[in-house]
Amino acid sequence: MNLSKNLIRAVIAALLLIPGQALAQETPEFASFADTAYIFNTLLFLIGGFLVMWMAAGFTMLEAGLVRTKNVAMQCTKNIALYSIAGLMYWAVGYNLMYGIDAGGVIGSFAVWAPGDPATSDGSYASASDWFFQMVFAATTASIVSGTIAERIKLWPFLIFTVILTGIIYPIQGSWEWGTGWLDARGFSDFAGSTLVHSTGGWAALAGALILGPRMGKYPKGGGIHPFPGSSLPLATLGTFVLWLGWFGFNGASQLAMGTIADANAVAIIFTNTNTAAAAGAVAALLLTQLMYKKVDLTLVLNGALAGLVSITAEPLTPGMGQAALIGAVGGIIVVFAVPMLDKFKIDDVVGAIPVHLMAGIWGTMIVPWTHAPEDGVTYLEQAIGVVSIGAFVFTASAILWFVLKLTIGIRVSPEEEMMGLDKAELGLEAYPEFGQGSQRV
Amino acid sequence: MNLSKNLIRAVIAALLLIPGQALAQETPEFASFADTAYIFNTLLFLIGGFLVMWMAAGFTMLEAGLVRTKNVAMQCTKNIALYSIAGLMYWAVGYNLMYGIDAGGVIGSFAVWAPGDPATSDGSYASASDWFFQMVFAATTASIVSGTIAERIKLWPFLIFTVILTGIIYPIQGSWEWGTGWLDARGFSDFAGSTLVHSTGGWAALAGALILGPRMGKYPKGGGIHPFPGSSLPLATLGTFVLWLGWFGFNGASQLAMGTIADANAVAIIFTNTNTAAAAGAVAALLLTQLMYKKVDLTLVLNGALAGLVSITAEPLTPGMGQAALIGAVGGIIVVFAVPMLDKFKIDDVVGAIPVHLMAGIWGTMIVPWTHAPEDGVTYLEQAIGVVSIGAFVFTASAILWFVLKLTIGIRVSPEEEMMGLDKAELGLEAYPEFGQGSQRV
Amino acid sequence: MNLSKNLIRAVIAALLLIPGQALAQETPEFASFADTAYIFNTLLFLIGGFLVMWMAAGFTMLEAGLVRTKNVAMQCTKNIALYSIAGLMYWAVGYNLMYGIDAGGVIGSFAVWAPGDPATSDGSYASASDWFFQMVFAATTASIVSGTIAERIKLWPFLIFTVILTGIIYPIQGSWEWGTGWLDARGFSDFAGSTLVHSTGGWAALAGALILGPRMGKYPKGGGIHPFPGSSLPLATLGTFVLWLGWFGFNGASQLAMGTIADANAVAIIFTNTNTAAAAGAVAALLLTQLMYKKVDLTLVLNGALAGLVSITAEPLTPGMGQAALIGAVGGIIVVFAVPMLDKFKIDDVVGAIPVHLMAGIWGTMIVPWTHAPEDGVTYLEQAIGVVSIGAFVFTASAILWFVLKLTIGIRVSPEEEMMGLDKAELGLEAYPEFGQGSQRV
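Residue numbers (the numbering used here), protein chains in the order written: chain A, 8 to 449; chain B, 8 to 449; chain C, 8 to 449.
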C-alpha cells in the first residue's frame with residue numbers, strides 16, 4: 008500500500024517537476040552561423056506548428072457546416088476535445104512512442120516527453136518546437152475521424168478512441184517511417200503524411216463507419232440515397248480555406264529546416280506546389296461536376312481542393328508545377344467519383360473524409376516515384392508496401408478498438424436520440440436555438 | 008496531324024517536367040551573412056504570402072455575409088474558384104507577362120513560370136517565394152470583382168472573366184509598374200497596390216456592374232432605393248478582420264526584403280501605419296454615420312476599416328502615424344459618401360467594393376507625394392498619369408470582355424432565377440437549408 | 008487667439024509630420040550577427056503582434072456566438088470599434104504613459120508615440136514592432152470587457168470607456184510592471200499578462216457588470232436563473248480556436264527576443280506549455296461538467312480552454328509540461344465553479360469573461376512562485392501585492408468611470424430597447440434578417 012502510494016507520488020513528481028527552463032541556459036551575446044540556422048529551423052517549426060494547429064479550427068468549421076443543425080454543437084465539442092486530448096496524449100506517451108525508437112524498429116519508449124529535452128533534437132533546432140509541430144499532426148489525424156462518423160456516434164466512445172489513436176495507434180505507425188523505423192529503412196517515402204496522417208485518419212474513420220453503420224434514413228429500405236444537406240455552406244467553405252492555409256505549415260515546415268538557402272528554396276517550392284495542387288483539385292472538381300451533373304457542386308469543389316492538398320502531401324518538393332497540378336487534379340477527380348461510390352456500398356461518410364484523406368492519400372503516396380529520379384531509390388513497390396502495411400495496421404487496430412467500445416459502453420446513440428439530434432440528446436442544448444427550422448429539416 | 012500531336016506532347020512534357028527540386032541543390036553547412044539575408048527575405052515572402060492567401064477567405068466571408076441567403080453558396084463557390092483559377096493562370100501565363108518584361112516596356116513573355124527558376128530572382132530570395140507572394144495579389148484583384156456583381160451574374164461567365172483578369176489584364180498593367188515597365192520608368196509610385204491591385208479590381212467590378220445592371224428591385228420604378236440587408240453580419244465582420252490581418256502581409260511583405268536592419272525597421276513601420284490607417288478609417292465611418300444618420304452603420308464601419316487599409320496601401324512606409332491616421336480616415340469618409348452616391352447613379356455594388364477598393368485606392372495613390380520629400384521624385388502628375396492610364400486600360404479591357412461574354416454566353420441569370428436565388432437556380436442547393444426565412448426575405 | 012491657433016497648428020504638425028521612414032536610413036549590404044538578432048527579435052514581435060491582433064476577431068466571434076441574435080450586430084460593432092480605438096489611443100497617449108516612465112515610477116509621459124522612435128527601443132529590435140506588439144495587448148484588455156456587459160450597455164458609453172481604458176487605465180497599471188515601475192522594482196512577476204491584461208480586463212468588466220446590473224429577466228423575481236442560450240455555438244467555438252491560436256503570439260512573443268538559441272528554446276517551450284495548459288483546461292471542464300451535470304457543457308469547455316490559457320500566461324516558461332497541465336486544469340475547474348457562483352451573486356456576465364480572465368488570471372499569477380527557484384526572488388507575497396494593487400486601481404478607476412458615464416450620458420438602454428435588442432434599437436438593423444426566430448427566442 009505504502010509502496011504504490013510512493014510510486015504514484017514519484018510518477019506525479021516526475022510528471023510535474025521536469026523543468027522546462029533548466030534545459031536552455033547559456034546565453035551568448037549573439038548567435039553564430041550555426042545558431043542562426045538553429046533559430047531559423049526552430050522558427051519554421053513554430054510557424055508551421057501554429058498553422059497546423061489552426062487546421063483544428065478548419066476541420067471544426069468544415070464539419071459544423073456539413074452536418075445538420077441538430078448535431079452542430081456536438082461536432083464543435085468533439086473537435087475542441089480531440090485537439091485537447093491529442094495535446095495531452097502526445098505528451099504523455101505518443102511522442103516517445105513515435106520518436107524514441109531504434110533505427111529500423113517498430114516501437115519506441117513509453118516515457119513522458121520532457122519539454123525541451125535535448126535528446127529529442129539533433130541539436131539543430133529547439134526540441135520543444137519539434138514536439139509542438141509533431142503534436143499537431145497527431146491532432147490532425149484525429150480530426151479526420153470525427154467528420155466521417157458524425158451525427159450518430161456517442162461523445163465519450165469517440166473521445167476514448169481519440170485517446171488511443173493519438174497516444175498509441177498514430178505514433179506506432181508513425182514511428183515506422185518518421186521515427187527511422189522499418190518502413191524508413193526499406194525506402195518508403197512520405198514527405199508530410201499523405202499516408203502517415205491522412206490515410207491513417209481515413210482508415211480509422213472507415214473502420215468506425217463500417218462498425219457504426221449509416222445514419223438512420225440515409226439509405227432507405229426502398230432503395231436510393233437520402234441526401235442530408237449541410238447546415239451552413241459558408242462555414243464549410245471557411246473551414247476549407249482554413250485547412251488550405253494551414254497546409255502551408257503542414258507541408259512547408261515538413262522540410263524540417265530553413266537554415267540554409269537550399270532549405271529556404273525547398274520550403275518556397277513546397278508552398279507553390281501545395282497551392283497549385285489544391286487549386287487544380289478544386290478546378291478539376293468544378294469542371295467535372297459541371298460536366299457530370301450540369302451543376303457545380305460546392306461541397307465537391309471544397310473537397311476537391313482538400314483532396315488536391317492531401318495528394319501533394321506525400322511529395323510536395325520534387326514535382327514541377329505542372330506535375331503538382333496534375334497530382335492535385337487527379338485527387339479532385341477521385342473525390343468526385345468516390346463520394347457516390349461510397350454511397351453505393353452504403354458506407355456513410357458525413358463529410359467525405361474517406362475520399363479526401365484515405366483515397367487521395369493513397370494516390371498521393373503511390374505517385375511519389377513519378378517525380379523522383381531512379382537513383383533516389385523511391386519505388387512503387389515500397390510505396391505500396393508502406394500504404395498496405397500502415398493501412399492494415401491502422402484499420403485492424405481501429406476496428407478492434409471500435410468493437411471493444413461497441414461491446415462495452417456502446418458507440419451509437421439510440422434511434423430516438425439520433426432523430427432528436429445529438430446536441431439536444433447528449434449535450435442538452437442547441438447550436439442555433441433561435442433559428443427556425445426550414446423545410447428541409449430531417 | 009502527327010506534328011500537332013507531337014507539339015501537344017512536347018508542351019505537356021515541358022509543363023510537367025520542369026523540375027522544382029533540381030534548382031536548389033548545393034547545401035553548405037551553415038548560411039553566410041548573405042545567405043541569412045536570403046532566408047529572411049524568403050521568409051518574409053512566405054509569411055506575407057500566406058497572410059494574403061488568407062484574404063481570399065476574408066473576401067469570401069465578407070461577401071457571404073453581405074448577400075442574401077439565397078445567394079450565399081454561390082458567393083462561396085465563386086470565391087474558392089477564383090482563388091484556384093488565379094493560382095493556375097498566374098503560373099501558366101500571368102507571372103511571366105508581368106515580370107518577364109524589359110525595363111520601360113509594356114508586356115512580358117507568355118512563358119510558363121517554372122518553380123524556383125533563378126532567373127526570376129535577383130539572387131537575394133527564393134524565386135518560388137516571390138511567385139507565391141505575387142500570385143496571391145492577382146487572386147486578391149479577382150476577389151474584389153466578385154462582391155460588386157454578386158446576386159445576378161452567372162457562375163461561368165464570371166469564372167471566364169477571372170481567367171482573363173488574373174492571367175492577362177492584371178499582369179499587363181502590373182508590369183507597367185512592378186515589372187519595371189513604362190510607368191515605373193516615369194516615376195509612378197504604388198508601394199503595395201492601391202492602384203495596381205485595388206483600383207484594378209474596382210475598375211473591373213465597375214465595368215461589370217454597369218454592363219450587368221442592378222439587381223431586380225434594387226431601384227424600384229417609383230423611385231427610391233430598396234435595401235437588401237446582408238444575411239449574416241457576423242460573417243461580414245469576420246471577413247473584415249481576416250482582411251485586416253492579411254493586410255499586414257499585403258503591405259508588410261511588399262517591402263520585399265527583411266535581411267537588414269533598415270528593412271526590418273521598414274516592415275515594422277509598415278505594420279504600424281497599416282493598422283493605424285485601418286483604425287482611423289473605421290473610427291471615421293463610425294463617427295460620420297452617427298452624425299449623419301444618428302445611428303452607427305456596422306457595414307459602413309467595416310468598409311471604413313477596409314478603405315483605410317486600401318488608402319495606406321500605396322505608401323505605407325513614409326507617413327508618420329498621424330499622416331497614416333489621416334490618410335485612412337479620409338478613406339473611411341470617402342466610403343460613407345460614395346456608397347449612397349453610387350446608388351444615386353443606380354450602380355448596384357452589392358458589398359461596396361467600388362467605394363472601398365476603387366475610390367479609396369485612387370485617394371491613396373494620389374496622396375503619396377504628400378509624405379515624400381521632393382527629391383524622391385514622386386509627383387502628383389505622375390501619380391495621376393498612373394491612376395488614369397491603368398484605369399483606362401483596365402476599365403476598357405474589362406468592359407470589352409464583359410460585352411463579349413454578354414453577347415456570347417450571356418452574363419446574367421433570368422429574372423426567375425434571380426428571384427429564386429443563384430444557389431437554387433444555378434447550384435441546386437441552399438446555403439442554409441434548415442434556417443427558416445424571416446420577415447425581411449426578399 | 009492667435010497663440011492658441013498657432014499652438015493647435017504646431018500640435019497638428021507634430022502629429023502629422025513625424026516621419027516614419029527617416030528613422031531607418033543606413034543600409035549595410037548584409038546584416039552582422041548583432042543585426043541578425045535584431046531582425047529575429049523584430050520578426051518575433053511582428054508575428055506575435057499579428058497573432059494577437061487576430062484575437063480581436065476571436066473575441067468578436069466568441070461574443071457574437073454567445074449573445075442572442077438580437078444583439079449580435081452590436082457585439083460586432085463594439086469589437087471592431089474597440090480594436091480601432093485601442094490602436095489610436097495607444098499611439099496618442101497609451102504607449103508613452105506605459106513605457107515612458109522612470110524605473111520604479113508610477114506613470115510615464117503623455118507624449119504621442121512617434122513611429123520607429125529609437126528611444127523606445129534598446130537597440131535590439133525595431134521600435135515600431137514593439138509598439139505594434141504592445142498595442143494589441145491594450146486592445147485585448149478592452150475586448151475582455153465587451154463580452155461581460157453585452158446585451159444591455161449602450162454603444163457610445165462603452166466606446167468612451169474603451170478610450171479611457173486603452174489610453175489611460177491599462178497603460179498606468181501596465182507601467183507598474185512592464186514599464187519598469189514600482190511593482191517591477193518589488194519583484195512582482197507577470198510574464199505575458201495574466202494580471203496586467205486579463206485581470207485588468209476582468210476588473211473593468213466586473214465594475215461594469217455591477218453598475219449596469221443584470222439583463223432583464225436573467226434573475227426572475229420568483230428566484231432562479233433564466234438561461235439565455237447563445238445564438239451560434241459554432242461561431243463561439245471558432246472564436247475560441249482563434250483565441251487559442253493567437254495566444255501563441257501572446258505568450259510566445261512575450262519572450263521579447265528570439266535572436267539567441269536560449270531565446271528560441273524559450274519561445275518553443277512557451278508554445279508547448281501554452282498549448283498544454285489550454286488542453287488541460289478544456290479536458291478538466293469536459294470531465295467536470297460530465298461528472299457534475301451528467302452532460303458535457305460546450306460553452307464551459309470553450310471557457311475551460313480559455314481559462315487554461317489565461318492561467319499559464321503569468322508564467323509560460325518555467326513550468327514543466329506536467330505543471331503547465333496542472334495550472335491549466337485548475338483554470339478550467341475554476342471556470343466550472345465560478346460561472347454558477349456569479350449567477351448566485353446575480354452578477355450577469357454574458358460570456359463568462361470574469362471567471363476566465365479575472366479569476367483564472369489571479370490563479371495564474373499567484374501560482375508563479377511554484378515553478379520558480381527561491382533564488383529567482385518571486386514570492387507569493389509580492390504576487391499578491393501585484394494582484395491586489397492592480398485590482399484595486401483598475402476596479403476603482405473603472406467604477407468611477409462607469410459611474411460618471413451613468414450619471415451623465417447614461418449607460419443602459421431602455422427596457423423597451425433591451426427587449427427589442429440592441430441591433431434594432433441602437434443600430435437599426437438585424438444581424439440575421441432572414442433567419443426565422445425559433446422557440447427559444449427571448
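Note that CB positions come from ideal geometry on N, CA and C, so glycine has one too.
Anticipated Cβ contact below 8 Å, residue i with residue j, distance rounded
i                 : j                    : result
alanine 64(C)     : phenylalanine 140(C) : Wrong, their Cβ atoms sit about 17 Å apart, outside the cutoff.
isoleucine 179(B) : isoleucine 114(B)    : 6 Å
alanine 99(A)     : alanine 38(B)        : Actually they do not touch by this definition, with Cβ atoms about 37 Å apart.
threonine 325(C)  : histidine 379(C)     : 6 Å
leucine 213(A)    : phenylalanine 402(A) : 7 Å
glycine 323(B)    : isoleucine 277(B)    : Looking at the sequence itself, residue 323(B) is proline, so the reference to glycine does not match. At roughly 4 Å, the Cβ-Cβ gap stays under 8 Å, so proline 323(B) and isoleucine 277(B) are in contact.
tryptophan 338(B) : phenylalanine 66(B)  : Residue identity differs from the one stated: residue 338(B) is glycine in this sequence, not tryptophan. Rounded, the Cβ-Cβ distance is 18 Å, inconsistent with contact.
threonine 244(B)  : leucine 309(B)       : 6 Å
C-beta contact flag for residue i and residue j at 7 Å
i                    : j                 : result
alanine 154(B)       : valine 358(B)     : Just to set this straight, residue 154(B) is glycine in the shown sequence, not alanine. Yes.
leucine 2(A)         : isoleucine 156(A) : Nothing can be reported for residue 2(A), as the shown portion of chain A is limited to 8 through 449.
alanine 287(B)       : alanine 336(B)    : yes
leucine 190(C)       : glycine 428(C)    : no
leucine 365(C)       : serine 206(C)     : yes
isoleucine 341(C)    : alanine 367(C)    : yes
aspartate 430(C)     : lysine 77(C)      : yes
asparagine 272(C)    : glycine 123(A)    : yes
alanine 284(C)       : isoleucine 232(C) : no
glycine 454(B)       : valine 59(B)      : Given a span of 8 to 449 for chain B in the structure shown, any question on residue 454(B) remains unanswerable.
valine 372(C)        : threonine 173(C)  : Per the sequence shown, the amino acid found at residue 372(C) is threonine instead of valine. No, the Cβ-Cβ distance between threonine 372(C) and threonine 173(C) is not below 7 Å.
leucine 240(B)       : alanine 80(C)     : yes
threonine 148(A)     : tyrosine 177(A)   : yes
asparagine 280(A)    : alanine 199(A)    : no
phenylalanine 248(A) : glutamate 389(A)  : no
arginine 75(A)       : serine 238(A)     : yes
serine 136(B)        : threonine 49(B)   : yes
glycine 208(A)       : methionine 105(A) : no
Bridge partner(s) assigned by DSSP for residue i
i               : result
arginine 419(C) : Ile160(C)
Ignoring anything shorter than 4 residues, give me the alpha helix (DSSP H) runs that lie fully in the region 205-266 of chain A, in order along the chain.
207-219 and 240-259
Counting only Cβ-Cβ distances shorter than 8 Å, please list the residues of the region 41-60 of chain B near chain A, keeping chain order.
Asp42, Thr43, Tyr45, Ile46, Thr49, Leu50, Phe52, Leu53, Ile54, Gly56, Phe57 and Met60
What residues in the region 135-152 of chain C bring their beta carbon closer than 9 Å to a beta carbon of chain B?
Ala135, Ser136, Asp137, Trp138, Phe139, Met142 and Val143
Could you tell me which whole alpha helix (DSSP H) segments of length 4 or greater appear in the region 350-416 of chain A?
367-373 and 387-414
For the region 286-304 of chain B, which residues have a beta carbon sitting closer than 7 Å to at least one beta carbon of chain C?
Ala286, Ala287, Ala289, Val290, Leu293, Lys302 and Val303
Between the region 413-444 of chain C and chain B, which residues of the former have CB atoms less than 9 Å from a CB of the latter, in chain order?
Asp430, Glu433, Leu434, Gly435, Leu436, Glu437, Ala438, Tyr439, Pro440, Glu441, Phe442, Gly443 and Gln444
Residues in the region 90-123 of chain A with C-beta within 8 Å of chain B's C-beta atoms, listed in sequence order?
none
Counting only Cβ-Cβ distances shorter than 7 Å, please list the residues of the region 306-339 of chain A near chain B, keeping chain order.
Val308, Leu309, Ala312, Leu324, Thr325, Pro326, Gly327, Met328, Gly329, Gln330, Ala332 and Leu333
Residues of the region 63-78 of chain A in Cβ contact with chain C at a cutoff of 7 Å, in chain order, please.
Ala63, Ala64, Thr67, Met68 and Ala71
Which runs of the beta strand (DSSP E) spanning at least 3 residues fall entirely within the region 259-335 of chain A, listed in chain order?
none
Closer than 9 Å, Cβ to Cβ, to anything on chain B: give me those residues from the region 261-286 of chain A, in chain order.
Met265, Gly266, Thr267, Ile268, Ala269, Asp270, Ala271, Asn272, Ala273, Val274, Ala275, Ile276, Ile277, Phe278, Thr279, Asn280, Asn282, Thr283, Ala285 and Ala286
For the region 243-262 of chain A, list every residue whose C-beta sits within 7 Å of some C-beta in chain C, in sequence order.
none
The region 226-241 of chain A: positions lying closer than 7 Å to chain B by Cβ:
Pro236, Ser238, Ser239, Leu240 and Pro241
Complete runs of the alpha helix (DSSP H) confined to the region 100-144 of chain A [at least 4 residues]
102-106
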